[in-house]
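Chemist: Questions regarding the structure given below will be posed in turn.
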Amino acid sequence: MIRRLLALDGVLVAARFRDDGQLVEGYGLLDEHHMWRLARFAHDYKRFTQGNSDQFSMFTRLRGWTPPKGWIVRGEAHSVCSIGNLVCLVNNAEASLNEVMRELDDVSHF
Amino acid sequence: MIELSTLMSLNGAVAAFEFSDRGELVSHAVAPDPDMDPVALDMLSHVCVANISLASMQARGWEGVTGMNGFYPIQGFTLIGMDWTAVINGRHGVVLRNDSGDVEAAYRALGAGDQGP
Amino acid sequence: MGLIRDLMAQPGVLAAGEYSYRGDRFSYEGNLTREMARMASIMCRATHMGVHMECDILGVFCPGCGLVPSRGWAVRGPRFSVCVMANFFCILENRDGVMNAVLKCMHESLDEVAIDMV
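Residue numbers (the numbering used here), protein chains in the order written: chain U, 668 to 777; chain Y, 15 to 131; chain L, 1169 to 1286.
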């Protein structure tokens, strides 16, 4: 199912990870070791984002931020996007973040 | 002015380093044997800058919500590893051995003031 | 574990507590309201998770170096500091000798504790 993410423009890698950070499946331009590291990073970063949004909600009393649905880390040439237990590595020049996030959201429900 | 040589003279010092506001390594000194190189120190600097920012957010929020002041502005971050501890303040840091390092002496050398309640 | 009591016995310690890695429980002693202790637990847990992740990445650049895996962290403000090791936290005054004593107490109690719970 997550292979369909690779059909989007600019998506280089798509992977799914378990709640303990283990790689379930991954496709695209990374070898197995780096795919494993991406899954681990996405799992850890998800927890990190959850912790930060918990604190943001706690301090501001604003509703609607927690639990966070996903996150994007944007670098100069590449970005990492995640929703649920899915993560994508994308090329900034070719990918539409809106499109990638919409598709991640969709696929994360399967 | 904080000198790396002063930081390296602390008991148990393994490495001393200076970094930019963004966390990029500017200069460093490493004791003869340890497994620390400029690449690792640059990464450590980024870790430290990230955690100073995070702690600043927390101190701001905590003081705002509880009214208990004395945490903001953050004057230092310490990373405790298995055998070494990194102590950071401002744009300088020092890595100490856990078995012989003195964290409070490191903070003093890094210019963090003592302002007890 | 008697660590909280040991920490509270140190001069200059305002509060000490323990949080679960799952984030669903906490306990504490000291001069905080229950709500403050709950907030402190959330903050310490979030930072601890972040530091654990960062040290994991740091370990790629210095495999086997003495900073990894992480045991804990501390932050220092103008008047107070917070020390966290494993799932224990401690809020202390910045007086001479207090932080070193707290870290020593935590090291003695927690250095042998497994870290794979994080």
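Using N, Cα and C, we set each Cβ at its ideal position, and we do this for glycine too.
Do Y/G26 and Y/G115 have their beta-carbon atoms positioned less than 9 Å apart in this structure?
Modeler: Result yes, Cβ atoms of Y/G115 and Y/G26 sit closer than 9 Å.
Chemist: Exposed or buried, Y/A123, counting other C-beta atoms within 10 Å across all chains shown (16 or more means buried)?
Modeler: When all chains shown are included, Y/A123 counts as buried.
Chemist: Tell me, to the nearest whole angstrom, how far the beta carbon of L/S1277 is from that of L/L1171; I am working on the premise that it is less than 8 Å.
Modeler: Sure, about 5 Å apart at Cβ, within 8 Å.
Chemist: Between Y/G130 and chain L, is any beta-carbon pair separated by less than 9 Å?
Modeler: Residue confidence for Y/G130 is low, a pLDDT of 46 falling below 50, so the modelled location carries little weight and cannot support an answer.
Chemist: For Y/G130, does the three-state DSSP call read helix, strand or coil?
Modeler: With a pLDDT of 46 at Y/G130, under the threshold of 50, the modelled position of this residue cannot be trusted; read the value that follows with caution. Of the three classes helix, strand and coil, the one that applies to Y/G130 here is coil, per DSSP.
Chemist: Kindly list, in the order they appear in chain Y, the residues whose Cβ is closer than 9 Å to that of L/S1238.
Modeler: Those within 9 Å of L/S1238 in chain Y are L93, I94, G95, M96.
Chemist: How would you list, in chain order, the residues of chain Y whose beta-carbon sits under 8 Å from the beta-carbon of U/Q722?
Modeler: In chain order: M71, Q72, G75.
Chemist: According to the Cβ coordinates, are L/R1173 and L/E1197 closer than 9 Å?
Modeler: Yes, the pair counts as a contact, with Cβ atoms nearer than the cut-off.
Chemist: I believe U/A762 touches U/V678 by the beta-carbon criterion, under 8 Å. Please report the beta-carbon distance rounded to the nearest angstrom.
Modeler: That pair is a contact at about 6 Å.
Chemist: The beta strand (DSSP E) with L/G1185 in it runs from where to where?
Modeler: Segment 1181-1187, the beta strand (DSSP E) holding L/G1185.
Chemist: Please report how far the alpha carbon of Y/G84 lies from the alpha carbon of Y/M71, in whole angstroms.
Modeler: Going by the C-alpha atoms only, they are around 14 Å apart.
Chemist: Can you pull the chain U neighbours of Y/G78, defined as C-beta to C-beta under 8 Å?
Modeler: Within 8 Å Cβ-Cβ: F726.
Chemist: Output, in chain order, the set of chain L residues within a Cβ distance shorter than 7 Å of Y/M22.
Modeler: Under the 7 Å cutoff, chain L gives no residues; its nearest Cβ is about 16 Å from Y/M22.
Chemist: With 9 Å set as the bound, which would you pick, yes or no: does the beta-carbon of L/A1177 sit closer than that to a beta-carbon of chain Y?
Modeler: Chain Y contact via Cβ: absent.
Chemist: Assuming contact is defined by CB atoms lying nearer than 9 Å, are Y/A69 and L/V1243 in contact in what I supplied?
Modeler: Against a cut-off of 9 Å, the Cβ pair of L/V1243 and Y/A69 comes out as a contact.
Chemist: In chain Y, what lies closer than 9 Å to L/N1268 by C-beta?
Modeler: Residues of chain Y passing the Cβ test: D116, V117, E118, A119.
Chemist: Nearest to U/F723 by CA position, among L/D1279, L/M1207, L/E1280, is which residue?
Modeler: Comparing Cα positions, the closest option is L/M1207.
Chemist: Counting only Cβ pairs nearer than 9 Å, list the residues of chain U close to L/I1210.
Modeler: The answer, in chain order, is G718, D721, Q722, M725.
Chemist: Grouping DSSP H, G and I as helix and E and B as strand, with all else coil, what is L/I1225?
Modeler: Helix, per DSSP.
Chemist: Ignore the nearest five residues each way along the sequence and tell me which others in L/M1176's own chain have a CB closer than 7 Å to its CB.
Modeler: Excluding sequence neighbours, L/M1176 sits near A1184, E1197, G1198.
Chemist: Beta strand (DSSP E) containing U/Y712: first to last residue?
Modeler: Where U/Y712 is concerned, there is no enclosing beta strand (DSSP E), although the alpha helix (DSSP H) it sits in stretches over 699-727.
Chemist: Output, in sequence order along the chain, the residues in the segment 41-54 of chain Y whose CB is closer than 9 Å to any CB in chain L.
Modeler: Flagged, chain order: P48, D49, M50, D51, V53, A54.
Chemist: Please confirm whether Y/R36 has its beta-carbon closer than 9 Å to some beta-carbon of chain L.
Modeler: Output row for Y/R36: interface = no.
Chemist: Write down every uninterrupted run of the beta strand (DSSP E) in the segment 20-75 of chain Y whose length is 3 residues or greater and which is fully enclosed by it, in chain order.
Modeler: 27-33, 39-44, all fully within the segment 20-75 of chain Y.
Chemist: Check whether the segment 52-60 of chain Y and the segment 75-90 of chain Y are in contact - that is, three or more C-beta pairs closer than 8 Å.
Modeler: The answer is no - the segment 75-90 of chain Y does not touch the segment 52-60 of chain Y, with fewer than three Cβ pairs under 8 Å.
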